[in-house]
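Okay, so the sequence shown: first residue is 81 according to our numbering, each after it adds one.
Cβ coordinates follow ideal geometry from the N, Cα and C atoms, glycine included.
To keep things clear, I will list the structure first and then write my remarks on it.
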Amino acid sequence: MACQHVRRLLADRTGSIGVVLALFLTVVVSLCALAIDMGSLYLERRTMQGAVDLAAVAAASDLDRAEAAAQATLAANGFGAVRVLSVVKGRYERDRTLAPDVRFEAGREPFNAVRLDVAAPGQLYFAKSFMAEPEISVSAIGSTDARATFSIGSRLLAVRGGLANAILGALLGGSITLSVMDYEALVNADVRLLDFLSALAVELDITAGAYGDVLDADVGIRQVLRAVATAARAQGHTAAAAVVTTLASRADQSLTVPLDALVQLGPLAHAEVGPAHPGLGAGLDALSLVSAAAQLANGKRQVAVNLGASVPGLLGLTLDVAIGEPAQYSGWVTTGQAGATVRTAQTRLRLVAEVGGTGLLAGVRVRLPLYIELAHAEARLKAVTCRGPSGDGAQAVVTARPAVVKAWIGDVPAGGLATFNSSGGVARGNIVQAALITVTGRAYGEMIHAVGEDLRFTQRDVDTREVKIVSVRDHLSSLTGSLLRTIDLQVEIGPLGLGLSVGAIKSLVLGLLTPVTATLDGVLDPLLELLGVSLGEVDVRVHGISCGSAVLSG
């Protein structure tokens, strides 16, 4: 009987669908619960990504306090308690030619970007009974685009028409006869970098592409000067434009200018030709721009000027100047982020002054041969900070170091000045060469400033064209005077002059040459200013500060 009931129950198919449905619903409900958890995790990840993006922008906006800024932003968006927070400073290159995954380089200075890596436990609602809560990891890179445009050697306090004409004429390969008023017009004319580059693009017939394409070319000096004139005219400086146009007409048309040694744009090299760009609004004084282009255009890199007896108090004055190759990756004016650098070219000068002798040396020409070597002066953009709603509190910090100066009283061959890869010796200088008396002399001095000093420029300094100076701490007011005080004079007296006093001759020579030192200083200072260098000093000007907002990068 019992067996029959069992057989009947097993054979009964009534309600089988309900059993299958119950099992299926269990699976469906489990899958729905898992889908809800997965959707919740996806939404949570998107929310976290948004918060981390905001934190990366905040950290990039304040690199000095990057971690604190990131934590505060995450907390404000509900992610104050994360399991992992990694804040990595580095450098981000906004170069489209680079793959996105290599544009950020962790730890590379100077920093302009931050990468945030954040991990936090995900929230499970149904699946936590049989699996551990997963970890949600997200990353974001924020970078800042604050830049400054700066240069070395923009002071030009004194312009001497005769000397400046001689030097510029020798560099440009033509006869220059500008007046003091002409030079003042050039000094007072600021031309916009954007206008100058746009005028260069027109000269080169470049209507598309980037400004970096313009600067990759070697351009004729006349084209560069015409571009300067066009840019000056665009700013209303008609007098300066007329002067530069005159210079262009008299320059040697065979000379060319390597534009990448004149202007370095850094990240802005990728800016498209034509549209206005806020980072290219810096103003450059026309005389410095003309002088820098003239130096770069001089193929021989050595000029000789014979001023004859035109300098009061001297019978003669000859000057040889050699300008070295520009430092690599350093234009005369540079636009860039922290780390951008400007260096002057090496410069060598041979200056020989002659005065008339008196007393025992009556009728004899007394020489003072001076030789000076200037290494690279350097200015490096240390930081750009942007404060205020519109960048009105912007500041740029530039670390500047004057050139190492070595100076001799002695003779060097004039023709070898431009061989900068050799350092020939400086021989004793011939001071007096007469029938009975021969006087030779040698002296050496140097100015060294091994550590750079920070110069802080505000937006007001930029607007007022402020030039700031770093000087060698033991900078002597007169380099030639110092050399003369330490000179080693040797006097040789012929057989017919045995009664002459060596001490008297030395005193006479020093008495004749001492007044010459002030005259030579008066020649050296404006000459070096025209070439953008100084003895024992470095002059720095910030032409513009551009405060781009921090943005997400990747």
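(request) Kindly identify the DSSP beta-bridge partner or partners of serine 231. (result) Val413 and Arg621.
(message) Can you list, in chain order, the residues of its chain with a C-beta nearer than 7 Å to that of alanine 331? Leave out the 5 residues immediately preceding and following it.
(response) Leu252, Gly253, Gly254, Ile301, Arg302 and Leu305
(message) By the DSSP assignment, the beta strand (DSSP E) with serine 219 in it spans what residues?
(response) 215–223
(message) If you reduce the DSSP assignment to three classes, tell me which class arginine 145 lands in.
(response) Arginine 145 falls in the helix class under three-state DSSP.
(request) Reducing DSSP to helix, strand and coil, say where proline 469 ends up. (result) Interpretation of proline 469 is limited by its pLDDT of 46, a score under 50 that renders its predicted location unreliable; no figure is taken from the coordinates.
(message) Based on DSSP bridge pairs, tell me the residues matched to leucine 454.
(response) Thr427 and Val485
(message) Quick check: the Cα distance between isoleucine 403 and tyrosine 451, rounded to an integer number of angstroms?
(response) 14 Å
(message) For asparagine 386, count the other beta carbons within 10 Å of its own beta carbon; 16 or more makes it buried, fewer makes it exposed. Which is it?
(response) exposed
(message) Quick check: what's the CA-CA separation for glutamate 453 versus serine 551?
(response) 17 Å
(message) By the DSSP assignment, the alpha helix (DSSP H) with glutamate 283 in it spans what residues?
(response) 273–283
(request) Pick out whichever of Ala483, Thr597, Gly361 and Leu277 has its Cα sitting closest to the Cα of glutamine 426. (result) Ranking Ala483, Thr597, Gly361 and Leu277 by CA distance to the CA of glutamine 426 puts Ala483 first.
(request) Give me the Cα-Cα distance between valine 343 and aspartate 275, rounded to the nearest whole angstrom. (result) 13 Å
(message) Going by DSSP, what residue range makes up the beta strand (DSSP E) through glutamate 572?
(response) 568–573
(request) Pull up the distance between the alpha-carbon of threonine 566 and that of alanine 523, whole angstroms please. (result) 6 Å
(request) Please state whether DSSP places leucine 632 in a helix, a strand or coil. (result) strand
(request) For arginine 345, count neighbouring C-beta atoms within 10 Å of its own C-beta (all shown protein chains included) and say buried if the count is 16 or more, exposed if not. (result) Per the sequence presented here, residue 345 reads as leucine, with arginine not at that position. Leucine 345 should be labelled buried.
(request) Using the Cα positions of glycine 160 and alanine 135, report the straight-line distance between them to the nearest angstrom. (result) Approximately 12 Å between the Cα atoms of the pair.
(request) List in chain order: all unbroken beta strand (DSSP E) runs of 3+ residues lying wholly within the segment 335–361. (result) Listed in chain order, they are 336–338.
(request) Buried or exposed for leucine 461, please, with buried defined as at least 16 other CB atoms from any protein chain shown within 10 angstroms of its CB. (result) Around the beta-carbon of leucine 461, 16 or more other beta-carbon atoms lie within 10 Å, marking it buried.
(message) For leucine 193, list the residues DSSP reports as bridge partners.
(response) One detail in the question is off: residue 193 reads as alanine in this sequence, not leucine. Answer is Gly170 and Ser223.
(request) Specify whether the segment 309–327 and the segment 365–375 touch according to this definition: at least 3 beta carbon pairs, one from each stretch, less than 8 Å apart. (result) Contact holds: three or more Cβ-Cβ distances are below 8 Å.
(message) Taking contact to mean 3 or more Cβ pairs, one atom from each stretch, closer than 8 Å, check whether the segment 347–366 and the segment 224–235 are in contact.
(response) Verdict: yes, contact present.
(request) Provide the residue(s) that pair with asparagine 268 in DSSP beta bridges, ordered along the chain. (result) Its beta-bridge partners do not exist; DSSP assigns none.
(request) Could you tell me which residues DSSP puts in a beta bridge with alanine 463? (result) Partner(s): Val477.
(message) Would glutamine 382 and valine 401 be called neighbours here (beta carbons separated by less than 8 Å)?
(response) Result yes, Cβ atoms of glutamine 382 and valine 401 sit closer than 8 Å.
(request) May I ask you to list the residues that DSSP assigns as paired with glutamine 375? (result) Answer is none; glutamine 375 lacks a bridge partner.
(request) Could you name the residues of the same chain whose beta carbon sits closer than 6 Å to that of alanine 279, not counting the 5 residues immediately before and after it, in chain order? (result) Ala307, Thr310 and Ala311, listed in sequence order.
(request) Helix, strand or coil for arginine 447, going by three-state DSSP, please let me know. (result) strand
(request) For serine 626, write down the residues that DSSP places opposite it in a beta bridge. (result) Arg227
(request) Starting from valine 547, follow its DSSP beta bridges and name the residues at the other end. (result) Arg621
(request) Decide if leucine 273 is buried, meaning its Cβ has at least 16 other Cβ atoms within 10 Å, or exposed. (result) buried
(message) I need the straight-line Cα distance from leucine 448 to glutamate 526, nearest angstrom please.
(response) Roughly 18 Å between the two C-alpha positions.
(message) So for leucine 440, helix, strand or coil by DSSP?
(response) helix
(request) Tell me, to the nearest whole angstrom, how far the beta carbon of aspartate 175 is from that of arginine 183; I am working on the premise that it is less than 8 Å. (result) 7 Å
(request) Check whether the Cβ atoms of glutamate 434 and leucine 395 sit closer than 8 Å, and answer yes or no. (result) yes
(request) Could you give the DSSP three-state label for proline 180: helix, strand or coil? (result) In this structure, proline 180 counts as helix in the three-state DSSP scheme.
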